[in-house]
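Novice: One structure coming up, written as structure tokens, with questions to follow.
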Amino acid sequence: MQELIQQLVNGLSLGAIYALIALGYTMVYGIIKLINFAHGDVMMVGAFVGFFSITLLGTNIAVAMLIAMAVCALLGVIIEKVAYRPLRNSTRIASLITAIGVSLLLEYLTIFLLGPNQKIFPDTAFTVKAYDIAGLSILNKDVFVFVSAVGLMLVLQYIIKYTKTGKAMRAVSLDNEAAILMGISVDKTISTTFAIGSALAAAAGVMVGVYYGAINPLMGIIPGLKAFVAAVLGGIGIIPGAMVGGFVIGLLETLVSGYGNSLYRDAVSFGVLILILLVKPTGLFGKDTGEKV
Amino acid sequence: MQTKKIKWTRILLEAAFLVVLFSLVQYSISTHMLSQYYQINLTSMCINIILAVSLSLINGFTGQLSLGHAGFMAVGAYTAVIMTTKLDYPFLAALVGALFAAGLAGFVIGVPTLRLKGDYLAIATLALGEIIRVVLQNIDYVNGPAGISGIPKLTTWAWLFGGVVLTLLVVVNLVNSSYGRAIISVREDEIAAELMGINTTKYKVLAFVIGAGFAGLAGALYGHYFYIIKPETFNFLKSFDILVMVVLGGLGSTTGAVIAAIFITILTAALQPFPEIRMIIYALILIVVMIYRPQGLMGNKEFSRQTLGRIWGGRQ
């Protein structure tokens, strides 16, 4: 029992990271119906920006996270403008292939510039300590990841529910054309969505750096895919769904590597994806809309 | 389609062309005119052609975006290598076994997932391809992540040539048959095709199974040329490699897929010392082609003798 609770505690911080990345997927999908394959790689860029701001500029972890978020917000906007906007009216397969292209470009450009080797995330920025609470060993990095992720989710909820930008985002994702008629600038709203989603991914990237202690140019692929699974699990396009999905995948994965074979860890989340796609493709929170001709 | 009569002269001419092409290359290999380096690239080229043409049947003609092609290649490679190294079957039996095993895998995966559409299908096939890889990594019988090495080099030019010709024959004839028209109608408009009484699931699965089977054949040929197979070789980056060829060639053009496979193989060979640049170029190809020429190099047109005739300004 003790061990189970320990595993669940460990899973929470991983789940929070997945949830943050999944939010970006789900927001972008909700607004332009595109699986932004490059999202995991934006997270990777965020991790590297955080890394360099700590090692080169000597900032602390909070400032590093903010810088990473700002840089990646800009990156997200640029990606959307250059690669996705020209394809907005073409087929979904065309945009998906472009997204795969952007993903490969970010990965291999980073390898080209920084080399393929992994970099050790500086522990000067974050000294890992373990606390002993009621027989559970709780690491301060887990607390840091969990608290900052939940904090960011609350900010996101506020933006989406109560600000004008958030209302515009919801309007565009509900009905693009009606939103235009209401005087909402769709281009601007989509740019904002990419900026917010990418900033969340960047924060997640810095968290991954703290959590695993090392970063490399291909680190975005697998967490990106798993976060996508999380988004689909919760119902893609639905923001609370992405949060719940992220935590479910994180916990499931920790339990599998804790109790079973850690090599099957990746297979489990993909298995969940297949299962959910076959049983309820709209996800846990999704509503079936049916297909119109 | 002017006449229904089989044009024997045309078939003979094409067969003669194939025989000449085959013997020319065979001659230059046996007299060592073609160095080891070129032979390796020739092998990759043939394998890439099989992969690209088989994926183009699924992605291009049926319009079902599959990102798990490397998984089927892995199934074929492992089946064939187990058959030759552990069970002592002849190479031909191993190739047939690979074809059927991968086809079967395609069936098992295709039946449930092809109910999904568009991007969901893409992700599901990507996930299943990865699951195949992870499962292979966890089977001790095939040495897990280390893979199987010391595979006898049974793949010769004759087998490669045969494989390419067989793939092209099956895919081209399938596409030009009534089955093929049903398959293309699924791509053009699935709902309309269904209203016309076409069993869309049947044709999607059919294309998927055939495409997967030939990917398995390519995997078997690959394994028996490069001495070693390991699960990591067949990860989703390999699937993306094949996708680049299909997209570049044009979704819905067999000749386009062949040309793109040849081009990509040459590009890969030329950029061998700089693997990162190769991937950057791949990425740019995907993005630029999709933005400026989403139909790919050839669109859905085929390069044929008629095209040549038009270029020469001759008769149709």
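Which chain is which? The protein sequence lines are A and B, in order. Sequential numbering of the first sequence, starting at 1, is according to this note's numbering. Sequential numbering of the second sequence, starting at 1001, is according to this note's numbering. For glycine and all other residues, C-beta sits at the position ideal for the given N, C-alpha and C. Just so you know, these numbers come straight off a predicted model, no measurement behind them.
(1) Within the chosen definition, does the region 1241–1261 of chain B reach the region 1049–1065 of chain B through at least 3 CB pairs nearer than 8 Å?
(2) Taking buried to mean at least 16 other C-beta atoms within 10 Å of its own C-beta, is B:Thr-1233 buried or exposed?
(3) Examine chain A for any beta-carbon lying closer than 8 Å to the beta-carbon of B:Asp-1241, and answer yes or no.
(4) Within 8 Å (strictly less), CB to CB, does A:Ser-90 reach chain B?
(5) Exposed or buried, B:Ala-1015, counting other C-beta atoms within 10 Å across all chains shown (16 or more means buried)?
(6) What did DSSP end up calling B:Ser-1149 once you bin it into helix, strand or coil?
(7) DSSP state of B:Ala-1212, grouped into three classes?
(8) At 7 Å on the CB atoms, spell out the chain B contacts of A:Pro-281, in chain order.
(9) Show which residues of chain B have a CB atom less than 9 Å away from the CB atom of A:Gly-260.
(10) Would a C-beta distance cut-off of 8 Å place B:Ala-1098 and B:Ala-1220 closer than the cut-off?
(11) Using a Cβ-Cβ cut-off of 8 Å, state whether B:Met-1290 counts as contacting chain A.
(12) With a CB to CB cut of under 8 Å and the five nearest residues on each side skipped, what residues in its chain are close to A:Glu-107?
(13) Distance, Cα to Cα, B:Val-1020 vs B:Leu-1013?
(14) Ends of the beta strand (DSSP E) at A:Tyr-84?
(15) 8 Å is my cut-off, CB to CB: does A:Thr-193 come that close to chain B?
(16) Can you tell me whether A:Lys-141 is buried or exposed? The criterion is at least 16 other CB atoms within 10 Å of its CB, across all chains shown.
(17) Specify whether the region 196–210 of chain A and the region 141–159 of chain A touch according to this definition: at least 3 beta carbon pairs, one from each stretch, less than 8 Å apart.
(18) Please give me, in chain order, every unbroken run of the beta strand (DSSP E) with length at least 3 that falls completely inside the region 1057–1092 of chain B.
(19) Who are the near neighbours of A:Glu-253 in its chain, counting only those whose CB is closer than 8 Å to its CB and skipping five residues on each side?
(20) Could you check where the alpha helix (DSSP H) with B:Asp-1241 kicks off and where it finishes?
(21) Kindly give me the distance between the Cβ atoms of A:Ser-95 and A:Leu-104, rounded to whole angstroms, as I take these residues to be in contact under 8 Å.
(22) Indicate the three-state DSSP secondary structure (helix, strand or coil) for B:Ala-1098 in the structure shown.
(23) Considering only DSSP beta bridges, list what A:Ala-214 is partnered with.
(24) Do we get a CB-CB distance below 8 Å when we pair A:Pro-223 with the residues of chain B?
(25) Beta-carbon separation of A:Ile-67 and A:Val-210 under 8 Å?
(26) Listing by chain order, which chain B residues have their CB less than 8 Å from the CB of A:Asp-266?
(27) Quick check: what's the CA-CA separation for A:Gly-101 versus B:Arg-1278?
(28) Under 8 Å Cβ-Cβ, which residues of chain A neighbour B:Ile-1287?
(29) Looking at the structure shown, is B:Leu-1114 part of a helix, part of a strand, or coil, going by DSSP?
(30) Starting from the beta carbon of A:Tyr-108, find every residue of chain B whose beta carbon is closer than 7 Å, and list them in chain order.
(31) Any C-beta of chain A sitting closer than 8 Å to the C-beta of B:Val-1096?
(32) Output the boundary residues of the beta strand (DSSP E) element that contains A:Ile-133.
(33) Suppose the cutoff is 6 Å on Cβ atoms and the five residues either side in sequence are ignored; what does the same chain contact list for B:Gly-1314 look like?
(34) Going along chain B in order, which residues have a C-beta closer than 9 Å to the C-beta of A:Leu-278?
(35) Just to make sure I have the definition right: I need the residues of chain B whose C-beta is within less than 7 Å of the C-beta of A:Ala-94. Which are they?
Specialist: Let me lay it out:
(1) Because the criterion of three Cβ pairs below 8 Å is met, the region 1241–1261 of chain B and the region 1049–1065 of chain B touch.
(2) With 16 or more other Cβ atoms inside 10 Å of its own Cβ, B:Thr-1233 counts as buried.
(3) At a cut-off of 8 Å between beta carbons, B:Asp-1241 makes no contact with chain A.
(4) Interface residue, yes.
(5) It is exposed - the Cβ of B:Ala-1015 has fewer than 16 other Cβ atoms within 10 Å.
(6) Look at B:Ser-1149 here: in three-state DSSP terms it is coil, with no helix or strand label.
(7) Helix.
(8) Leu-1116, Tyr-1120, listed in chain order.
(9) Near A:Gly-260 there are no residues of chain B at all, since even the closest Cβ is about 11 Å away, more than 9 Å.
(10) Cβ atoms of B:Ala-1098 and B:Ala-1220: closer than 8 Å.
(11) Taking Cβ atoms only, chain A reaches closer than 8 Å to B:Met-1290, which makes this a yes.
(12) Excluding its 5 nearest sequence neighbours in each direction, A:Glu-107 has C-beta neighbours in its own chain below 8 Å: Asp-41, Met-44, Pro-217, Leu-218, Gly-220, Ile-221, listed in chain order.
(13) When rounded, the distance between both Cα atoms is 11 Å.
(14) Unbroken run through A:Tyr-84: none, as it is neither H nor E.
(15) Contacts with chain B at 8 Å (Cβ-Cβ) do not include A:Thr-193.
(16) Within a 10 Å sphere around the beta-carbon of A:Lys-141 sit 16 or more other beta-carbons, which makes this residue buried.
(17) A contact between stretches requires three or more CB pairs, one per stretch, nearer than 8 Å, and the region 196–210 of chain A meets this requirement with the region 141–159 of chain A.
(18) Considered as a whole, the region 1057–1092 of chain B harbours no complete run of any beta strand (DSSP E) with no fewer than 3 residues.
(19) So the list reads Gly-11, Leu-14, Lys-226, Arg-265, Val-268, Ser-269, once near-sequence residues are dropped.
(20) B:Asp-1241 -> alpha helix (DSSP H) spans 1236–1249.
(21) In this structure, A:Ser-95 and A:Leu-104 do not form a Cβ contact; the two beta carbons are roughly 15 Å apart against a cut-off of 8 Å.
(22) Three-state result, B:Ala-1098: helix.
(23) Beta-bridge pairing links A:Ala-214 to A:Ile-120.
(24) It does not; no Cβ of chain B falls within 8 Å.
(25) The Cβ-Cβ distance between A:Ile-67 and A:Val-210 does not fall below 8 Å.
(26) Per Cβ cutoff of 8 Å: Glu-1130, Val-1134.
(27) Taking the Cα positions, A:Gly-101 is about 13 Å away from B:Arg-1278.
(28) Correct list: Ala-83, Thr-98, Gly-101, Val-102, Leu-105.
(29) Looking at B:Leu-1114 - three-state DSSP - the assignment turns out to be coil, as it is neither helix nor strand.
(30) Chain B residues near A:Tyr-108: Glu-1276, Met-1279, Ile-1280, Ala-1283.
(31) It does not; no Cβ of chain A falls within 8 Å.
(32) Secondary structure note for A:Ile-133: its beta strand (DSSP E) is the uninterrupted segment 130–133.
(33) Any reading at B:Gly-1314 needs caution, since the residue's pLDDT is 45, under 50, leaving its predicted position unreliable; the model's value is listed next. Taken in chain order, the list of residues that qualify is empty.
(34) By Cβ distance, chain B contributes Pro-1112, Thr-1113, Arg-1115, Leu-1116, Ala-1124.
(35) Neighbours of A:Ala-94 on chain B, chain order: Met-1290, Pro-1294.
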